[in-house]
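Novice: Structure below; questions to follow.
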Amino acid sequence: MKNPTHLLLAVPFALALIASAAAQDAPAQASTPTQLVDALNGVFGQHPGARAVHAKGVVLEGQFTPSPSAAAITKAVHLQASAVPVTVRFSNFAGIPDIPDNHALASPRGLAIRFALPGGGSTDIVAHSFNGFPSPTADDFRDLLIALGTSGPDAPKPTPLDGYLASHPVAKAFLTAPKPAPESFASLPYYGVNTFRFINEAGKVTFGRYQFLPVSGAHYLTDAQAAKAQPDYLSQEIQQRIAKAPVRFKLVVQVAEPGDKLDDPSIAWPNSRPVVELGTVDITRAVADNVAAQKGLMFLPNNVPAGIEPQDPMINARSAAYPVSFGRRQ
C-alpha cells in the first residue's frame with residue numbers, strides 16, 4: 278500500500294471537503310478525463326493492472342427479475358417482463374488493490390452491475406454505500422484531488438486541505454459521517470447518487486436515483502469485530518454466502534420532487550421521497566476467473582438503453598474518465 282498513514286489522514290478530508298465545493302467559484306479550466314485519472318493516481322499511486330479507484334473487488338453473476346411497477350416509469354427493455362442475466366462487482370473504495378477490507382479507506386463500498394439486454398447489448402449501474410457523492414461536479418472533484426496530492430505530511434501548514442476544511446462546514450459533517458465496516462457486501466444498501474430521466478411508453482418523464490436495498494437488511498461489524506477481521510473477509514464471506522443461498526437486493530428508484538437537486542450528487546434527497554420498485558437482483562455464483570473478469574469489465578454510468586437518459590452532467594464526465602483508467606490497467 279502507498280503511504281497508508283498519509284492516505285488515512287488525508288482522503289477522508291478530501292472526501293469531506295468536496296461535499297461543499299459547490300460554494301466555490303467555477304474553476305478556470307474544465308477538467309478532462311485524463312486529469313481526473315491522473316489526480317486519482319496522484320492520491321493512491323499507480324498500480325499495474327488496477328483501477329484508479331475501487332481497485333479491489335470481486336465479480337459475481339446472477340439474474341435480475343423486473344417488478345410490474347417498473348414499466349410505469351420506463352420503457353427500458355430490461356425493466357419490462359423477462360428476467361435477464363447480470364454481472365455484479367463489489368469493491369472497496371481506495372485505488373489500492375491490496376487494501377485490507379477492514380481498513381478505513383475501504384469505505385464506502387462499491388456495487389457495479391451490468392444487465393444483459395434482451396436481443397443483445399448491455400446497460401450498467403454504478404453505485405456506492407454512501408447516500409451522496411463527495412463532489413457536485415467533475416471540476417470540483419479534480420481540484421480537490423489535486424489539493425490532496427499537495428497536502429502530504431511534509432506540506433507547509435496550512436495545507437490546501439486545511440483551507441478547504443476551514444471554509445466549508447459541510448465538509449466537517451461529511452468527514453464525521455459514520456462509515457462502519459459491513460458484515461458482508463450483501464448487508465449494505467448502495468446508492469446510485471446521480472439523477473436519470475426515466476421515460477415510459479406514453480412519454481411521461483420521471484426523475485430518479487437508483488438504490489439497491491439488501492433484502493436481508495443492513496448489518497455492520499462493531500469496531501472490535503472489524504479490528505479482528507481478516508484482510509479479505511468480504512470477498513471470502515460473499516462467496517461462502519452465495520454457496521448456501523442467493524444474495525438478494527431490491528432495485529428501486531427514489532423519485533424526485535419539485536425543488537430537489539437533479540444535477541448535484543453531493544446532495545442526498547430526503548428519505549421521505551417516494552420509491553418505485555424496479556425489480557430483484559439475485560446473485561447466485563462467482564465467476565470462474567475473477568482476475569480475468571476484473572480486467573475485462575468496464576462499467577459506464579451512461580451506458581443506458583432507450584427509456585433511461587442521464588440528467589446529471591457528472592454521469593457523462595465519469596463515463597469519459599473510466600475508459601482512461603481502463604486503458605492504463607490493460
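Position one of the sequence shown corresponds to residue 278 (this note's numbering), numbered consecutively onward.
Even glycine gets a Cβ: it sits at the ideal position worked out from N, Cα and C.
Every value quoted in this text rests on a predicted model; they were computed, and no experiment measured them.
With a 10 Å radius around its C-beta and 16 neighbouring C-beta atoms as the bar for buried, classify Arg-562 as buried or exposed.
Specialist: By 1-based counting over the sequence shown, the position of residue 562 is 285. Per the 10 Å Cβ criterion, exposed.
Novice: Within its chain, find whatever has a CB closer than 6 Å to the CB of Tyr-353; leave out the 5 residues flanking it on each side and keep chain order.
Specialist: On the sequence shown, residue 353 is found 76 positions in, with the first residue counted as 1. Reading the sequence as shown, one finds Ala at residue 353 and not Tyr. Correct list, in chain order: Pro-582, Gly-584 and Ile-585.
Novice: With which residues is His-405 paired in a DSSP beta bridge?
Specialist: Numbered from its first residue, the sequence shown carries residue 405 at position 128. In the DSSP output, where bridge partners are listed per residue, His-405 has Gly-387 and Tyr-468.
Novice: Would you identify the three-state DSSP class for Phe-473, choosing helix, strand or coil?
Specialist: Here residue 473 is taken as the residue at index 196 of the sequence shown, counted from 1. The answer is strand: DSSP assigns Phe-473 an E or B state.
Novice: Please confirm whether Val-361 and Leu-394 have their CB atoms less than 8 Å apart.
Specialist: If you number the sequence shown from 1, residue 361 lands on position 84. If you number the sequence shown from 1, residue 394 lands on position 117. Against a cut-off of 8 Å, the Cβ pair of Leu-394 and Val-361 comes out as a contact.
Novice: Going by the CB atoms, is the gap between Phe-462 and Ser-490 shorter than 8 Å?
Specialist: Translated into positions along the sequence shown, residue 490 becomes position 213. Translated into positions along the sequence shown, residue 462 becomes position 185. Checking the displayed sequence, the identity of residue 490 turns out to be Leu instead of Ser. Not in contact: Leu-490 and Phe-462 (Cβ atoms no closer than 8 Å).
Novice: Is it the case that the Cβ atoms of Ala-371 and Arg-606 are separated by a distance below 8 Å?
Specialist: For the purposes of this step, residue 371 is taken as residue 94 along the sequence shown, with counting starting at 1. For the purposes of this step, residue 606 is taken as residue 329 along the sequence shown, with counting starting at 1. For Ala-371 and Arg-606, no; Cβs fall outside 8 Å.
Novice: Can you name the start and end residues of the alpha helix (DSSP H) that Leu-528 belongs to?
Specialist: Sequence index remark: in the sequence shown, residue 528 carries index 251 (1-based). From DSSP, Leu-528 is part of no alpha helix (DSSP H) but of the beta strand (DSSP E) over 524-532.
Novice: For Val-645, I'd like the list of residues in its chain whose CB is within less than 6 Å of its CB, leaving aside the five on either flank, ordered along the chain.
Specialist: In the structure as shown, the chain starts at 278 and stops at 607, and residue 645 therefore has no counterpart that could be examined.
Novice: Going by beta-carbon coordinates alone, are Gly-480 and Val-532 separated by less than 8 Å?
Specialist: The sequence position of residue 480 within the sequence shown is 203, counting from 1. The sequence position of residue 532 within the sequence shown is 255, counting from 1. Not in contact: Gly-480 and Val-532 (Cβ atoms no closer than 8 Å).
Novice: Measuring CB to CB, does Phe-576 end up less than 8 Å from Val-403?
Specialist: In the sequence shown, counting from the first residue as 1, residue 576 sits at position 299. In the sequence shown, counting from the first residue as 1, residue 403 sits at position 126. For Phe-576 and Val-403, yes; Cβs fall inside 8 Å.
Novice: Given this structure, state the Cα-to-Cα distance separating Asn-369 from Ala-381, to the nearest angstrom.
Specialist: On the sequence shown, position 92 is the one that residue 369 refers to. On the sequence shown, position 104 is the one that residue 381 refers to. Asn-369 and Ala-381: Cα-Cα distance of roughly 10 Å.
Novice: Going by alpha carbons, who is nearest to Glu-460 out of Ser-359, Leu-388 and Ala-503?
Specialist: For the purposes of this step, residue 460 is taken as the residue at position 183 of the sequence shown. Closest by alpha carbon: Ala-503.
Novice: Give the straight-line distance between the Cα atoms of Pro-542 and Asp-431, rounded to the nearest whole angstrom.
Specialist: The residue given as residue 542 occupies position 265 in the sequence shown. The residue given as residue 431 occupies position 154 in the sequence shown. Approximately 33 Å, taken between the alpha carbons.
Novice: Round the Cβ separation of Ala-415 and Ser-308 to the nearest angstrom and send it over; I've been treating them as touching at under 8 Å.
Specialist: Taking the first residue of the sequence shown as position 1, residue 415 is located at position 138. Taking the first residue of the sequence shown as position 1, residue 308 is located at position 31. The Cβ separation is near 5 Å, so the contact holds.
Novice: Put Ile-423 into one of helix, strand or coil per three-state DSSP.
Specialist: If you number the sequence shown from 1, residue 423 lands on position 146. If DSSP states are grouped into helix, strand and coil, Ile-423 belongs with the helices.
Novice: On a CA-only basis, which of Arg-391, Val-524 and Ser-512 is nearest Ala-495? Give me that one, please.
Specialist: Position 218 of the sequence shown holds residue 495. For Ala-495, the nearest C-alpha among the options comes from Val-524.
Novice: Compute the Euclidean distance between the alpha carbons of Glu-514 and Lys-521, then round it to the nearest angstrom.
Specialist: Taking the sequence shown and counting its residues from 1, one reaches residue 514 at position 237. Taking the sequence shown and counting its residues from 1, one reaches residue 521 at position 244. Distance between the alpha carbons of Glu-514 and Lys-521 is about 11 Å.
Novice: If you drop the 5 nearest sequence neighbours on each side, which residues of the same chain put their C-beta closer than 6 Å to that of Thr-364?
Specialist: For the purposes of this step, residue 364 is identified with residue 87 of the sequence shown, where counting begins at 1. If we look at Thr-364 and ignore the five residues flanking it on each side, its Cβ neighbours are Glu-338 and Arg-391.
Novice: What would DSSP say about Asp-509, mapped onto helix, strand or coil?
Specialist: Within the sequence shown, residue 509 is the residue found at index 232, counting from 1. DSSP places Asp-509 in coil when its eight states are reduced to three.
Novice: List the endpoints of the continuous beta strand (DSSP E) containing Ser-368.
Specialist: The count along the sequence shown starts at 1 and reaches residue 368 at position 91. Its beta strand (DSSP E) spans residues 361-368.
Novice: Would you kindly work out how many angstroms separate the C-alpha atoms of Ser-602 and Asp-417, rounded to a whole number?
Specialist: Working through the sequence shown from its first residue, we reach residue 602 at position 325. Working through the sequence shown from its first residue, we reach residue 417 at position 140. Answer to the nearest angstrom: the Cα atoms are 19 Å apart.
Novice: Check this for me: beta carbons of Val-552 and Val-568, under 8 Å apart or not?
Specialist: For the purposes of this step, residue 552 is taken as the residue at position 275 of the sequence shown. For the purposes of this step, residue 568 is taken as the residue at position 291 of the sequence shown. No, they are not a contact pair.
Novice: Only counting the same chain, and skipping five residues up and downstream in sequence, which positions put a Cβ closer than 7 Å to that of Lys-538?
Specialist: Within the sequence shown, the letter at position 261 stands for residue 538. Contacts found: Ile-544.
Novice: In three-state DSSP terms, what is Leu-574?
Specialist: Working through the sequence shown from its first residue, we reach residue 574 at position 297. Leu-574: coil per DSSP, three-state reduction.
Novice: Counting only the same chain and skipping the five closest in sequence on each side, list residues whose C-beta sits under 6 Å from that of Thr-436.
Specialist: Numbered from its first residue, the sequence shown carries residue 436 at position 159. Excluding positions up to five away in sequence, the list reads Ser-428.
Novice: Counting only the same chain and skipping the five closest in sequence on each side, list residues whose C-beta sits under 8 Å from that of Ser-464.
Specialist: One-based indexing of the sequence shown puts residue 464 at position 187. Excluding residues within five positions, the ones whose Cβ falls inside 8 Å are Pro-491, Ser-493, Gly-494, Ala-495, His-496 and Tyr-497.
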